[in-house]
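Residue numbering for the sequence shown follows UniProt numbering, starting at 1 and increasing by one per position. No residue lacks a Cβ here, since even glycine has one placed at the ideal position from N, Cα and C. Below: one structure, written as structure tokens.
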Amino acid sequence: MPPNPGPPPPYRDHLKQDAPSRKSLSSFAPIPEEESSPSADIDDRFTLSDLSDDDDHHHNHNTGGSGSSSRSSSSQIKLRRIDNHHSRHSSTASKPAYAYPASNNNSARPSDVEAYLSSITAAERELLTAAHQFELSDDDEEDSDDSDARSVSSDVGLRKGSKGHHRRRSSAFKKHTPHMGWGWTTTTRYYYRKVWCRALLVVVLVLGALVWVFLRFAARGGWDAGRVEVDMPPSESWFPTPQGGALEDWADDYRRAELLVRSMTLIEKINITTGVGWQMGMCVGNTAPAELVKFPSLCLQDGPLGLRYADLISAFPAGVTTGATWNRELIRQRGVALGEEARTKGVNVLLGPSMGPLGMMPAGGRNWEAFGADPVLQGVAAAETIRGIQSTGVMATAKHYIMNEQEHFRQPYEWGIATALSSNINDRALHEVFLWPFAEAIRADVASVMCSYQMVNNSHACENSKLLNGILKDELGFQGFVQSDWLAQRSGINSALGGLDMSMPGDGLRWADGKSLWGSELTRAVLNTSVPMERLNDMVTRIVAAWYHLGQDTWERPPPEGNGGPNFSSWTNDEVGWIYQGSPGDETYGVVNRFVNAQGEGDNAHWIIARKVATEGIVLVKNDRQTLPLSRRPTTGSGAVFRVGVFGDDAGPAMGPNACADRGCNQGTLAMGWGSGTAEFPYLVSPFEALQSAWETEIELSPYLRNAVMPAEVADKDLCLVFANADSGEGFISAGGIHGDRNNLFLQKGGDTLIETVAQNCAGPTVVVVHAVGPVVVESWIDLPGVDAVLFAHLPGQESGNALMDVLFGVVDASGRLPYTVGKSLEDYGPGAQVLYEPNAPVPQVDFQDGLYIDHRYFDRHNITPRFEFGFGLSYTTFELADLHVQGLQSKSRLPASRPPQTVFPPEYDAEPPRNESVLFPAEFRAVPQFIYPYLTSMDGTAAANYTHYPEGYDQPQPLSPAGGGLGGNPSLYDEVVNVEVEVRNTGPRAGQTVVQVYVSFPGGVTEDGDWVEVHEGARRSSKVKLERMPEPIEFPSRVLRNFTKVALEAGERQTVAMTLTRKDLSYWSVREQNWVMPDGEFEIWVGQSSRDLPLRGEY
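The following block contains the structure:
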């Protein structure tokens, strides 16, 4: 890089150094990109980096993935209390793009810390963690005020909204804020007495913590009370990381990437793999450029339903609404629109779609971002979205990989716990349920995968080598790059060896402190060989290959060469703003918003597709006496004016759609959940606004936009429309007593009572409209005689009211179908579907023992009658299915074809780190505070070492998975083996759409060889003994969804539709064979219009 490149190229022409006071310009401090809010309550207890600037540290690195490590220590550990009293609010921060801060040489030695932790008992560690929050330091003279100044207050993260609505959830782990440094300072009696008093205080606090632990958990039978014990071994290791470029699909992109990467310096390679820090660029995630080879900075931006923190964009319907359409083509069109808006705004990587959480827990806070509680529906919708996004040249991101099923305890600092929870799952359920959508995403050629916050089988997802190396990159053949969720990276070396390719947003264990687990630490680790050069080269090559694969090398160059790059700021709506928003004291400012309209125009206006998706995502679940569709010319029969009452605050605009940052409050009509998966509404048409112009004759429209009404206000109405909702979102926001995950499945803010009051007193029919993030329990009112019609409108986005009018008045058919099951109680979904609301261990453990039996599969297995089944929905017309034909296209065989032989090979680079390049900060370099740089401040710890602490077996290549060999797995898994044809007839009076659904029942009596047991050949015990494998029965769900198609027919029209089933559709994952196995026997093929309306049966 140039000796002093200064600010990033996109802003070089209009930067000013002598800026006015920072207070004179608007700046905003948003919620951290993909996930969590910075907070003074960030849990810093024993948060360890495995890299350090200390000169002898290269002998003491953390190593291994999935839990393996090597520790040594030579220096004394000292503990210092964290003082949050002097925390700095991030709204005073500025923002970098491409320049570089000096590394902090006073960082703690993690190897010393780990040595200390390994020397104490588990009980001591637990008490220490519960009693206090410490920062580890090996320098008594370290300036604590400097460290404290880097803390981020609890108000951080609010953009364009009021401050301070993020609250700490766990009072049991509150930190003490008075400043109290610990350590011996003098030998005078006064100071000895002071120290002894402090020691006594520590004893009292520890004893208090012990009492707290006993009262809280012993009385409940211990940490594990109520927990179902299952055999969940720790995640196994899989090393080394498979190199990209081994598949023909990406071969040309890797050849081009290889040429570029060969010309890069070490510094440029580190730039590409490490984000520059939170709020240090225009986007929520930014990499620095490799300017010598003209590889630009990459802009990464949320999200799944529209561009977060951007202007002049669209707020599309949420994932759950999109899944409820069951319309493949429509889902792809929405993806195209998302991609077009991202490209117009200069975004390289769109952080969506979401396919995790899958929805195992119906109360899960972020279920609404994804497409439904079934792996096949989720997989189809995710794949079509990815194809749409990437058709525009924008990289899509499959997230969150994997098992991110609840918000409680996903992050330690959000909940005051030592570390994130562990989602525990067995190998078969992992493959058949939770991995299925990700396999489909990779088949769709997704460029990026985002690893999640929590642990899986007690190994952090972003360093879980089995998940990233063994399954994602080998078995599923993923050729793109793995990026961390924002601050989900928990180690430096372990994550690199475990398969992580890009650290986002670049900050390490704390928000916006300028300290990275990679950055300069990765530079040092590569030089001293603790991270192999081949691993770094593969990280970089994967990122560059994805850039070529999407054709982004043809995009317009950023300034000063062109006008490319992001043309908006995530941090302010003003035209001029701080370039380095997250940097305290930096005065660089310039043009940050160009106000480019990305919403499309004419026939390509994106509101059109947004309205279509919202319309088809509305599910009609009850329609007694054909109350719907409504007439635009209603009459009373007596000649009086027709009176319509509109009830519930969910019908109206309230304080406006963007009143709360990241939609972090439930007010007005609900059109999206909350968190990083949201967008700013350009506008929001509320149901009441749309109703005002819906009728073609004079009516009396009375709004009661509140959730408490008197019977007298209802009694004279000829039609009552009731609106109620249920909201949830990401765990860094609490709203209405909901900390991410819903507390139950009831309607919120008194919605159930409101519906009961209106239905029991309305003079005419009552129509209920529910806007909800997922299933809601409706038992208290669904069977009331006054409730004539019920619509689940989900989260419809900006066109909410218009889409609802299209369905209410019959402009289009009611064609949505439920993407989940509506049970009669939360308990109907089973014990494995319950959110863990209280820690059940020092590291909370969530065991998915019912993993195969998600949603409707659980109801079927236990013969539970739901209120409304998965796939259900009514139309304004009727359909019949007939003439089912099931035809085998291939003969059955137990195993797929062998893994295809490798015909292309990854790039080969020099395995030795460069020794003739300067990696120090260039002379006279202007470093921006807290910007993350690849440069070192000294060469200490960079000497090449015979590094012997790699995980066991690291240099011994793993056997390749027989289930691999192509994008999404072995190509023969996707061979079509069965053709299913059925005739669909519209037998009703009007045009409409239905969804034809295909389910499969596996053969009975399937067994697999089990463990070896001793068997006597004769009747006597003294007879000869031989070893035999005992057969183990293989259980299957009653039926599993395997294909579907949406059919539009005019009245009286009929059409034959054909769908296919693949080998994978008819196979189960064999844990013993580590492959997909098609069992012998007869498969039942069921065809119908919901999971419990399957009138047609065939065999294969």
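Taking just the CA atoms, how far does A382 sit from G626? Note that residue 626 is Gln in the sequence shown here, rather than Gly. Approximately 35 Å, taken between the alpha carbons.
Is it right to say M504 is buried, meaning 16 or more other beta carbons lie within 10 angstroms of its own, or is it exposed? buried
Roughly how many angstroms lie between the CA atoms of V380 and R328, to the nearest whole one? 7 Å
Three CB pairs or more closer than 8 Å across the stretch 1011-1031 and the stretch 918-938: By the C-beta criterion, the stretch 1011-1031 is judged not to be in contact with the stretch 918-938, since fewer than 3 inter-stretch pairs fall below 8 Å.
Quick one: measure Cβ to Cβ for V769 and P703, integer angstroms, because I've assumed they're closer than 8 Å. Not quite, the Cβ-Cβ distance comes to about 14 Å (not below 8 Å), so this is no contact.
How is the beta strand (DSSP E) around M1059 delimited, first residue to last? DSSP places M1059 in the uninterrupted beta strand (DSSP E) bounded by 1054-1062.
Check whether S391 and G339 have beta carbons under 8 Å apart: yes
Excluding five sequence neighbours on each side, which residues of the same chain lie with their C-beta closer than 6 Å to the C-beta of I1034? V1006, E1008
Which residue's Cα is closest to the Cα of G508: S520, G499, L497, G498? Among S520, G499, L497, G498, the Cα nearest to that of G508 is on S520.
Check whether the Cβ of E779 lies closer than 8 Å to any Cβ atom in chain C. This model lacks chain C altogether, as it is built from one protein chain only.
So what's Q599 in DSSP terms, helix, strand or just coil? Assignment of Q599 by DSSP, reduced to helix, strand and coil, places it in the coil class.
May I ask you to verify whether the stretch 288-295 touches the stretch 940-954, counting CB pairs closer than 8 Å and requiring at least 3? no
Quick one, which of E838, N840, P844, Y853 has its alpha-carbon nearest Y829's? Comparing Cα-Cα distances from Y829 to each of E838, N840, P844, Y853, the minimum goes to Y853.
Reference residue 1114; option with closest CA among E475, A398, G393, Q489: Absent from the model: residue 1114. The displayed extent of the chain is 1 to 1100, so no value can be given.
Tell me which residues share the same chain as Y837 and place their Cβ nearer than 7 Å to its Cβ, disregarding the 5 neighbours each side in the sequence. H408
Where do the N-terminal and C-terminal ends of the alpha helix (DSSP H) with V380 fall, by residue? 375-390
What is the DSSP secondary structure of E405, counted as helix, strand or coil? coil
Of the residues L312, Y909, M805, the one placed nearest M264, counting alpha carbons only: For the set L312, Y909, M805, the Cα lying nearest the Cα of M264 is the one of Y909.
How would you label M455, buried or exposed, when you count the other beta carbons within 10 angstroms and need 16 or more for buried? buried
Reference E1032; option with closest CA among K1064, A496, R1072, F931: The candidate whose alpha carbon is nearest that of E1032 is R1072.
Ordered list of alpha helix (DSSP H) runs contained in the stretch 277-352, each at least 4 residues: 319-323, 328-344
What is the DSSP secondary structure of R1049, reduced to helix, strand or coil? As written in the sequence, residue 1049 is Leu, which differs from the Arg given in the question. Strand at L1049.
Spatial neighbours of A712 within its chain, please: CB distance less than 6 Å, with the 5 preceding and 5 following residues excluded, ordered by chain position. none
Grab me the residues of A337's own chain with a C-beta within less than 8 Å of its C-beta, minus the 5 sequence neighbours each way, in chain order. S314, F316, G388, G600, H606, I609, A610
Mark R334 as exposed unless 16 or more other C-beta atoms lie within 10 angstroms of its C-beta, in which case mark it buried. buried
Neighbourhood of D1080 by C-beta distance below 8 Å, restricted to the same chain and skipping five residues each side: Here D1080 has K892, R894, P1003, V1006 as same chain residues with Cβ atoms under 8 Å from its own Cβ, once five neighbours each way along the sequence are excluded.
Straight-line Cα distance separating E917 from L266: 8 Å
With distance defined between alpha-carbon atoms, name the residue in T697, N986, P1037, L472 nearest to E1050. The candidate whose alpha carbon is nearest that of E1050 is N986.
Counted within 10 angstroms of its Cβ, other Cβ atoms place R633 as buried (16 or more) or exposed: Burial call: exposed.
Classify Q993: buried if its beta carbon has 16 or more other beta carbons within 10 angstroms, exposed otherwise. buried
Inspect the CB distances between the stretch 811-825 and the stretch 861-873 and report whether three or more fall short of 8 Å. yes
DSSP state of D513, grouped into three classes? coil
How do the stretch 461-481 and the stretch 232-245 stand: do at least 3 beta-carbon pairs fall below 8 Å, yes or no? yes
Rounded to whole angstroms, what is the Cα-Cα separation between V767 and D374? 29 Å
Closest by C-alpha distance to S459, when choosing among K749, L884, A420, A715: A420
According to DSSP, is L497 helix, strand or coil? Helix, per DSSP.
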